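*Asks:* Position 36, counted from 1, in the sequence shown is what the UniProt record's numbering calls 36; the numbers after and before it change by one each time, with no gaps.
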Amino acid sequence: MSHDEDHITSTREKLVRMANQIAAFFHSKPREEGMAGVAEHINKFWEPRMRRQLFEMLDSGTENFDELVVAASARIKRPRTPEQADMSLGYTEPTQAESAAPLK
1 MSHDEDHITS TREKLVRMAN QIAAFFHSKP REEGMAGVAE HINKFWEPRM
51 RRQLFEMLDS GTENFDELVV AASARIKRPR TPEQADMSLG YTEPTQAESA
101 APLK
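(1) Take ARG80 as the anchor and find which of GLU47, GLY61, GLU63, MET57 has the nearest alpha-carbon.
(2) Would you say ARG51 and ILE42 are within 8 Å of each other, going by their C-beta atoms?
(3) Taking SER73 as the reference, which of THR11, LYS44, MET35 has the closest Cα?
(4) Could you have a look at GLU61 and say whether DSSP puts it in helix, strand or coil?
(5) Cutting at 8 Å between CB atoms, please list the residues of its own chain near LEU15, excluding the five before and the five after it.
(6) So what's ARG78 in DSSP terms, helix, strand or just coil?
The following block contains the structure:
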C-alpha cells in the first residue's frame, strides 16, 4: 500500500470514528433530536470535502457507521460537485469556437 493509500484509508477511518463519536453523544437524546443534532453538528463543523467523503463512504455501504449517523444523513448537506459550483457562479466551459479564437 502506498503512502497516499495509507493516508486515504486513515482519513476515512478518522471520519467514520468522528461521525460515530458525534452519534454516541446524541444517543442520550430522543431519536428525532439526536438525528437533528448529528446533522446540525456535521453541517456546521465539517468542511465540504469532509462531507463529500462521508457521503462517498455512506453511498458505498453503511456497515461501519452508527445507525444514528445513517439516519441523520438525510439531513446532512450533500456538498455540491465542483461543476455545480462553477455553474452557480455563472462559469461555463468555453465553446469550441471561443477556445479556438486567437488571444488579443
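Positions of the beta carbon are idealized from the N, C-alpha and C atoms, including for glycine. Nothing here was measured: the structure is a model prediction, and the numbers come from that model.
*Replies:* In brief:
(1) GLU47
(2) yes
(3) MET35
(4) The sequence shown places Gly at residue 61, not Glu. Coil.
(5) MET50, GLN53, LEU54, MET57
(6) coil
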